[in-house]
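Below is one structure, written out as structure tokens; the observations come after it.
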Amino acid sequence: MAIIKILEQQILPTIKGCISNDRASQKRLYFSFYGFAASVCQKYIWKDDVLEEVINDGFLKVFKGLATFIVPDSHAENALKAWMRRIMVNTAIDRLRKDKQLLLQEANAISEALIETFPAPNQQDTLSYKELMQYINKLSPAYRLVFSLHVLDGLTHDEIAGLLNITSGASKSNLSKARMHLKRMITVAGQTNENYAERAV
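In terms of this note's numbering, the sequence shown is residues 46 to 246.
Below, the structure is given as structure tokens:
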């Protein structure tokens, strides 16, 4: 994937070019924000082929909707990312809602056999973002989805309920169970690392 960086002063001309269906502007925007879009969608879509489709569908919506995006006088890139984030999240959720098999596979439980030995937390017992995402990726789709929407993207339970066609209570319940499973996985992995360390001494 080519790496292109749009400078702050280039954002408005690029947006205008996209609105005019200028292919060069669309390409510049796509490659500049592809990594950002992927990082958003990866929280909800874990199959590479589906992920690519969702990202591209999201960019199509971005290009169609740019005419309604209001560019602020400052921090245009941050504003554009915030606007794009919601589009990408909604696109990913729409795909999950349409594909029940994709959403519900492995939804009954977390297989203990999938728990691997993760890098041990540092001496302050804190987890890096990469380590945390490794644990989150082990959650069942239903739990992972609600956890990502609420904790990582800041949606309220009412907003999640509206997106997923569930009750606010169900959203809260899934979040609670997700946190319980995460705590258990981190504890198990921590104990495993301690046992390995003791045997190595």
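Ideal Cβ placement from N, Cα and C applies to all residues, glycine included. Predicted model, so just to flag it, every value in this text is computed and none were measured.
Collapsing the DSSP output to three states places H202 in a helix.
Counting along the chain, the unbroken alpha helix (DSSP H) around V99 starts and ends at D93 to G110. Shown here for S213: same chain residues with a beta carbon closer than 7 Å to its own, the five before and five after excluded, namely H202, D203 and A206 in chain order. At the C-beta level, I138 and L57 stay beyond 8 Å of one another.
In the displayed model, Q71 falls within a helix according to three-state DSSP.
Residues F78 and F81 of the same chain have their beta carbon placed closer than 8 Å to that of K126, with the five preceding and five following residues left out of the count. The Cβ-Cβ distance between Y188 and N210 does not fall below 8 Å. Of the other Cβ atoms in all chains shown, fewer than 16 fall within 10 Å of the Cβ of S65; this residue is therefore exposed. The three-state reading of DSSP puts F114 in coil, since its state is none of H, G, I, E or B.
Annotated three-state conformation of T212 is coil, per DSSP.
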